[in-house]
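Okay, structure first, notes after.
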Amino acid sequence: MANERWTLDPDRCFSPEPSVRSRARELHAEVERLPLVSPHGHVAARLFADEGARLPDPATLFVTGDPYVFRLLHAHGLAHEELGLAPLGGGERETDPRAVWRRFCERFDLFDGTPTGLWLKTTFVHVFGLRERPSADSADRLFDALAEALVSPEFAPRALLSRFGVEHLATTDPADAGLDDHRSAQAAGLRVVPTFRPDGLMQLADPEWRARVERLAAVVGFEVGSLEAFLEAVRARRLAFAEAGATASDHAVTSADLSPMDSDDAAELFARALAGQASPAEAERFHAHMLFEMARMATEDGLVMQLHVGSLRNHDLRLLDRFGPDMGADVPVAMDLTRGLQPLLNAFGDETRFRLVVYTLDETTYARELAPLAGHYPALRLGSPWWFHDSVKGIERYLDAVVETAGFRKLAGFVDDARALPTLWARHDVWRRTTCDWLARLERRGLIDEGAAVRSARWLAYGAARDTFRVGDRDEPAAPTS
Amino acid sequence: MANERWTLDPDRCFSPEPSVRSRARELHAEVERLPLVSPHGHVAARLFADEGARLPDPATLFVTGDPYVFRLLHAHGLAHEELGLAPLGGGERETDPRAVWRRFCERFDLFDGTPTGLWLKTTFVHVFGLRERPSADSADRLFDALAEALVSPEFAPRALLSRFGVEHLATTDPADAGLDDHRSAQAAGLRVVPTFRPDGLMQLADPEWRARVERLAAVVGFEVGSLEAFLEAVRARRLAFAEAGATASDHAVTSADLSPMDSDDAAELFARALAGQASPAEAERFHAHMLFEMARMATEDGLVMQLHVGSLRNHDLRLLDRFGPDMGADVPVAMDLTRGLQPLLNAFGDETRFRLVVYTLDETTYARELAPLAGHYPALRLGSPWWFHDSVKGIERYLDAVVETAGFRKLAGFVDDARALPTLWARHDVWRRTTCDWLARLERRGLIDEGAAVRSARWLAYGAARDTFRVGDRDEPAAPTS
Amino acid sequence: MANERWTLDPDRCFSPEPSVRSRARELHAEVERLPLVSPHGHVAARLFADEGARLPDPATLFVTGDPYVFRLLHAHGLAHEELGLAPLGGGERETDPRAVWRRFCERFDLFDGTPTGLWLKTTFVHVFGLRERPSADSADRLFDALAEALVSPEFAPRALLSRFGVEHLATTDPADAGLDDHRSAQAAGLRVVPTFRPDGLMQLADPEWRARVERLAAVVGFEVGSLEAFLEAVRARRLAFAEAGATASDHAVTSADLSPMDSDDAAELFARALAGQASPAEAERFHAHMLFEMARMATEDGLVMQLHVGSLRNHDLRLLDRFGPDMGADVPVAMDLTRGLQPLLNAFGDETRFRLVVYTLDETTYARELAPLAGHYPALRLGSPWWFHDSVKGIERYLDAVVETAGFRKLAGFVDDARALPTLWARHDVWRRTTCDWLARLERRGLIDEGAAVRSARWLAYGAARDTFRVGDRDEPAAPTS
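Residue numbers (the numbering used here), protein chains in the order written: chain B, 1 to 482; chain U, 483 to 964; chain A, 965 to 1446.
Rendered as structure tokens:
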């Protein structure tokens, strides 16, 4: 097996039924050369700030740096330290990337049937030209080949953007982020833009919160001693992001209840929080209040508001203690979006300038809550399948659940959410193939006509993301109304 | 595109795989000429009261009058006024149906992939013989053709019933409805019957409630000053409906908890409500109590009890203020039917005369709650997929989820829920084709034999609705046992 | 119809699409002769204790003794007494098995499209060689043929185990069960082992609880007057089970909250419970506490811990009064496993010796909660689809939902849950065919390669159950660490 030539099926993701497959191929031919629009992801802007930037070694890039990969290896008994992850307090860990890489290759079968396995195979074969399946036997050869490629100009981040045809790439950045890397990239002709992600500023009860407020004050250049000043500072940063090309903000939502507070109460709570006196329950109410304020600001500055809902962060508390957050141990929970989004949608859902994109990890809300809401409120678009669900079957379940109620034109297109830049193409490849196949089946069942199939394939592959995230509008920066 | 001949795929809804498709065709041939039974819908009885009645103009019929259509147009930014809908306070709105129709035709692509799009296409092509797709270009020609047809005797409501082969049509009517229109229709040989829908009488805290009680008193001819008298009046109306051919009652359920109150408490609450002193929470408890009473009455008079559960009405409160209810802004919520239906099913689920049909907007309850409950309690049948879910994929998900646990014989068949009468046939057409295709696939996988496939196709198309709603029994009116 | 030859489709469960079907056949050929591993079910050990044991008559075996069968017959109006079930207080019931059998055969169509129908057909045709479909006409002939077979040596329980190729069969047994039947079976070379199911000991508020504690004391041979002694007794029984070959414990979970109590509080509550003073709410907390203790013991003795979550037992209270529990009236409810399992997984989810297998009746948790949890915590494996869901479509939904996130190697394989021994083979047959077909489709879509398909087919059919339930390890009995 390990010595077979490893190849990509040119019909991957397509249905076996010949008439569907042949139509899927045709639709895919219509879209496969369209540019990529990447409105949400986690690739760092500094990778594009100068021509000389390079990606790290294969183990760091594909294993230690990717929670999708190390979480499943851990689930089969490997300690995080064995995968190169560093405990907070220091402590021993594997420092040899080649050793980490071997552990991964020996267990590559664990990724059979997973989107991670498919993305990695597509990336290794299509992007890097590898012809051997990862295994104990091939591990060292693959490491050498990848390591050599990754330091070459051909695989530099800027070169990959160009090779993949990425037209627009949005990074994810905290409120106080410097935006120089984005400006450097743009100066080189790349449309790499920031996304305003102020989660840290919303968490009143977090021990780090006051330090974050101080950093915010330093960046905006005025004191932030009241809620009014805080809102002004946030507004200023949104504008700075917009001027640096941002078209969107992004927000994690841990409680679906998005009711605003009375503004006097909010101001009073903010003052107490500065004095270190806010409780976790109060922090949660403030978080909801601030999301409401973010929506209000979005009606002014036109930044598209993204909500990522339904993840219980840091489920494994022992792991949180030892390694900190973002260790792949966030787990979805059910949420009531019908009631939760009601205050926000009642207030702003009919505003022309407001646009809300909701991503969820609770697939039961697709057909029950999100599609019906999007089929009524003009401001709402459905975010693409997220995280555990941006897979072949996840995409199919999403389309099955939402299209009949919301149609195609309320869908926000695809976000790749990539961390390892070389896998970005593979993720779009799976989306485009799977949507084309889904549309081909619809057409072959007589449920849409040929024109609608082509139109929808192009929309899902390209137009929806551009339109939803106002990519076409970015050269006309949004002006606040006040 | 707009000038292509617009045609219906004779194999629409069928699977592409040839062996499934050919069997689906055979099964469909077995059922396509069976009469239609329509046990629940929203077509007005007055349309059948006299031969001269006509349907309204195309825009009023298919756009302004159909929440499925105007909700999605609104979701893409059209104001309700632009679609001809009248604000409560008066105010401007589009009064030219042709202008409304043009807005719809220009945006017909928005309905790609939706059941509404499929129903409308089927209706326009099959029922009206149109050969052009709606578009900016074709809008006026289509309006003229439809408008001309709609005033002709060939498209009169009675003529459509006959052409569609509708054997039994149940309308939906408030408790104090006059039933003369139904009697007129019946006198002309049409089986158009009312359905007892007393929702308004259950809502103690509604400002209109006392007026409704007074109207009820006027209709029954005795004073309704106590719960006892109220129950007697309701019982009398149920009987009047049954005498006018009704075989069923229908109820919206906003809380799944159907526990009855202590009867003294209920009587006392009723008295306070008459004095205008019931709180919303009390109103909700009373609603549950009355549903329990309705079930008890159903064991006496044999009216089939329908529950429509899981919709949060009037989600968009600004819209409610401006336009009132029923504006397409009801949104589903999750509900616990296992615990919620327990009091009712414990009390009456084993009663021979009681029959309960439950429709839900929360598809997760199909396999988890409703099918297991229906697979135990004799009185319970599963209502067909409802509202957002009476689509090709919605029907498939329903059958996938319920048949393995409850079998075919616990399914209540199809209700079309139609508002625009001409689309009634299209909705049954989608149901019949999709169920036949689903059965064909089951048979081709060796999971049912040929006999079961034919038997089940006929049951789902026709027998289930007749049997569930006691249509065959209607000439033997139910006698109360007391 | 009744006189047609009744045959099994050799391609049953396979997709109609020819390329998928032919690959499914190949994969199935790889697994169909592998031994059966049955790590969870409800066949009584005494059936294997001596060679002379025989199964009961056809009606008792397939109807009166099988809740899957009698529940659906009851749902169509048959009284439980008519199906041979005995009311608690005595009272009349059908005592003629042939009459019960006739009622079943007359209504065999009710099982069209259900897994029960498929299992029974497979069993009647494949195991017993019947060639007539059950019907009013064939009922007596079938009864005679089955009754004759069931008393013959060829259909003795031991003979069936051997004929089916059952390598390992785990029964389900209360904590105080005598284990002699298992030992007798093992002495005859059969790997029939007990499973430790101490549910009754957890239910403090149950009127029978104290009697159970006394029986426990009698079996372990020391007084159980404190929580400490209780835990010691439980530990002793776990060891006794392990010595009798058990590799697992099993637990029903009615509340998903598995937080432990403070140990002093637990001890004090236990003492009050012995004095008959525990409330239902306290009993529930204690149940959760004991599950936590069970997990702790599992880290010591290595018994695999199974949780069956999400069933509301005895939904029909009138039935409970008249017939007692286990009458097929348990109904699923939604549960929050992300938060519910957190305490247990935080404490033990990373322990090498701990293994947890979770079965649920709430399919919405597959992709949202269980697969993400299993994709992180080493100790967790996903139990196979359970009860209402161990059907063709139930299995497909399960694989669709979990594999992409958790991969194949976190799946626990299949448990047949059989009550009527002759149906055991049919249940594995459906699992093996459906998983092979599912894998064939994945391969034909280019999502896994040939090697992964074969590997995964063998894993799901055989390896997963052996590995998960430590069947290979049973000859090296687990030693407590203390």
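Glycine included, C-beta positions come from ideal geometry on N, C-alpha and C.
The segment 984-991 of chain A makes no contact with the segment 1108-1126 of chain A: fewer than 3 CB pairs, one atom from each, lie closer than 8 Å. DSSP places residue 1217(A) outside any alpha helix (DSSP H); the residue lies instead in the beta strand (DSSP E), whose first and last residues are 1212-1217. Neighbours of residue 499(U) across chain B, judged by C-beta separation under 8 Å: 17. In the assembly as shown, residue 680(U) is a buried residue. Its beta-carbon has 16 or more other beta-carbons within 10 Å. In this chain, the beta strand (DSSP E) harbouring residue 1323(A) covers 1320-1324. CA-to-CA, the gap between residue 895(U) and residue 1392(A) works out to about 33 Å. Taking C-beta separations shorter than 7 Å and ignoring five residues to either side along the sequence, the partners of residue 765(U) in its chain run 685, 686, 687, following chain order. Sequence-distant partners of residue 537(U) (beyond 5 residues in either direction) whose C-beta falls short of 6 Å from its own C-beta, in its chain, are 543, 632. What residue 1038(A) touches in chain U, judged by beta-carbon distance under 8 Å, is 858, 860, going in chain order.
Every unbroken stretch of the alpha helix (DSSP H) spanning 4 or more residues and falling wholly within the segment 760-786 of chain U is given here in chain order: 762-783. Within 9 Å of the CB of residue 1332(A), the CB atoms of chain B belong to 310, 331, 332, 333, 334, 361, 362, 363, 364, 388, in sequence order along the chain.
For residue 863(U), the pairing in a beta bridge is given by DSSP as 839(U). Residue 1034(A) and residue 76(B) have their C-alpha atoms some 42 Å from each other. With fewer than three CB-CB distances shorter than 8 Å, the segment 526-533 of chain U does not count as touching the segment 935-952 of chain U.
Residue 938(U) belongs to the set of residues whose beta carbon lies under 8 Å from a beta carbon in chain A.
Scanning its chain for C-beta atoms nearer than 8 Å, with the 5 sequence neighbours on each side dropped, one finds around residue 979(A) the residues 985, 988, 1401, 1404, 1405, in chain order.
Sixteen is the threshold: since fewer than 16 other Cβ atoms of the shown chains lie within 10 Å of the Cβ of residue 7(B), the residue is exposed. Going by C-alpha positions, residue 1276(A) is about 32 Å away from residue 359(B). Under DSSP, residue 524(U) takes part in no beta bridge, so it has no partner.
Among the residues facing chain A, residue 287(B) is not included, as its CB has no counterpart in that chain under 8 Å away.
Within the segment 1004-1082 of chain A, there are no complete beta strand (DSSP E) runs of at least 3 residues. Counting only runs of at least 4 residues, the segment 918-957 of chain U fully encloses the following alpha helix (DSSP H) elements, listed from N- to C-terminal order: 932-940, 946-950.
For residue 72(B), same chain residues with a beta-carbon under 8 Å away, outside a window of 5 residues either side, are 110, 111, 114, 116 in chain order.
Taking C-alpha positions only, residue 753(U) is separated from residue 520(U) by approximately 39 Å.
By the Cβ neighbour-count rule, residue 1381(A) is buried, with 16 or more other Cβ atoms within 10 Å of its own. Judged by DSSP in its simplified three-state form, residue 1099(A) adopts coil rather than helix or strand. Per DSSP, the unbroken alpha helix (DSSP H) holding residue 695(U) starts and ends at 691-702. Taking residue 472(B) as reference, the option from 168(B), 137(B), 127(B) with the minimal CA-CA separation is 168(B).
Taking every protein chain shown into account, the CB of residue 807(U) has fewer than 16 other CB atoms within 10 angstroms, so this residue is exposed.
By DSSP's assignment, residue 1160(A) forms a beta bridge with 1137(A), 1213(A). At least 8 Å separates the CB of residue 1346(A) from every CB of chain B. In this chain, the alpha helix (DSSP H) harbouring residue 393(B) covers 392-406. In this structure the segment 667-677 of chain U does not lie against the segment 741-759 of chain U, because fewer than three pairs of beta carbons, one per stretch, are closer than 8 Å.
A contact is defined here as three or more CB-CB pairs under 8 Å, and the segment 209-224 of chain B meets this definition with respect to the segment 232-248 of chain B. Between residue 1293(A) and residue 1279(A) a beta carbon distance of about 5 Å is seen, short of the 8 Å cut, so the two are scored as contacting. Under the three-state reduction of DSSP, residue 332(B) is assigned to strand.
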